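Residue numbering for the sequence shown follows this note's numbering, beginning at 9 and increasing consecutively.
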Amino acid sequence: METIGFIGTGNLGYPIAENLVKAGYKVKIYNRTREKALPLEQLGAVLVDTAAAAAEKGGVVLSLVADDAALEAISTDALLEALGPGGIHVSMSTVSPDTSTALSLRHQAQGVQFVTAPVFARPDAAAAKVGNAVISGPAAAKERIKPLLLAGFAKNIFDLGEDAGSANVLKLIGNFMIAASIELMAEAFALAEKNKVDAKVAYEMLTTTLFASPVFRNYGAMIIDRKFTGSPSFGAALGLKDMDLVLQTARRSYTPMPMAQLVQSRLTTIMAKDVHDADWTSLAMGALDDAGLTY
């Protein structure tokens, strides 16, 4: 098994890195907060002190960080030099398509290939390797890294061609649709409650028939149970960041998205109220509050 680098073992990165270690890869890990990665060292991973130290000449580094600024911060000359010609940087982060396009050009200038492979999975799904990957970048590089994605988190891989930003566009579309679904369910279940219909029965009926999908089942249950805070697997701040990116991409392409504006406003309110440990499902609190319901 080859040695690979892994940068960023947060809520989502951790189970992916763990799966790779368990699959037999020698994994060199850099995490900004070293202590959070210590359990992976006990499994056999090697912890390093810099992002560049995770790379090997001609090797593969996977990164999964919070935002554009964090991705740019790790994509240093030192990292690119450490990878060298033939090396591959796989960005699994949810970032702006423009950022990925710019970083792709910068990597190419030093002979390093840049592949975008954002993750469609919550941490538990990634751990179970039933997530979905969307990838874009150089064809040969994508073929080389597919086994890593399958070993790390993915059940399915969808190829969007060679434009580095394409996978990020689809990731933003997917996250927008999830957020819009949370708003939709919050409004629908509020309507049920206000008209003395058991929202739990409505949830069971709808999510086992017309809307039988993981998004409606999982997030719908969180809304019904008012499970908006406490150990979020995807925080409200990250959700707001993603909706900002959605609207930024929409403005650039002259695409009206009124629902995205509403969801962005809901998440902005959550952040303004400083709701502690808020999952992005907390955006549903807006619709419940508008209807005069408790949560």
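By construction, the Cβ of each residue, glycine as well, lies at the ideal position given by its N, Cα and C atoms.
It should be emphasised that the depicted structure is a prediction, and the values quoted were computed from it without experimental measurement.
List the DSSP bridge partners of residue i.
| i | result |
| --- | --- |
| Ala-280 | In DSSP, Ala-280 forms no bridge with anything. |
| Asp-287 | Gly-243 |
| Val-123 | Val-98 |
| Thr-11 | Lys-34 |
| Gly-67 | In the DSSP output, where bridge partners are listed per residue, Gly-67 has none listed. |
| Val-309 | Nothing in the structure corresponds to residue 309, since the chain is present only between 9 and 303. |
| Phe-128 | Asn-140 |
| Thr-237 | Ala-286 |
Beta strand (DSSP E) containing residue i: first to last residue?
| i | result |
| --- | --- |
| Lys-36 | 34 to 38 |
| Phe-166 | 162 to 167 |
| Gly-139 | 139 to 143 |
Go ahead and label residue i buried or exposed: buried means 16 or more other beta carbons lie within 10 angstroms of its beta carbon, across all protein chains shown.
| i | result |
| --- | --- |
| Gln-272 | buried |
| Arg-274 | buried |
| Gln-50 | exposed |
| Gly-76 | Reading the sequence as shown, one finds Asp at residue 76 and not Gly. When all chains shown are included, Asp-76 counts as buried. |
| Glu-26 | buried |
| Pro-240 | buried |
| Ser-104 | buried |
| Thr-102 | buried |
| Ser-261 | exposed |
| Met-100 | buried |
| Ser-174 | buried |
| Leu-218 | exposed |
Am I right that residue i and residue j are in contact with their C-beta atoms under 8 Å? What's the rounded C-beta distance?
| i | j | result |
| --- | --- | --- |
| Ala-125 | Gly-139 | With 8 Å as the limit, Ala-125 and Gly-139 do not qualify as a contact, their Cβ atoms being about 11 Å apart. |
| Leu-87 | Ala-63 | 6 Å |
| His-284 | Thr-237 | 6 Å |
| Ala-134 | Pro-23 | 5 Å |
| Tyr-33 | Ile-12 | 6 Å |
Let's see if you can read the secondary structure: which residues bound the alpha helix (DSSP H) around residue i?
| i | result |
| --- | --- |
| Asp-298 | 292 to 298 |
| Ser-108 | 105 to 117 |
| Tyr-227 | 222 to 232 |
| Ala-90 | 85 to 91 |
| Leu-301 | Element bounds for Leu-301: n/a, residue is neither H nor E. |
| Leu-72 | Run containing Leu-72: none; DSSP gives neither H nor E here. |
Give, in chain order, every unbroken run of the alpha helix (DSSP H) that is at least 4 residues long and sits entirely within the region 162 to 220.
174 to 202 and 207 to 215
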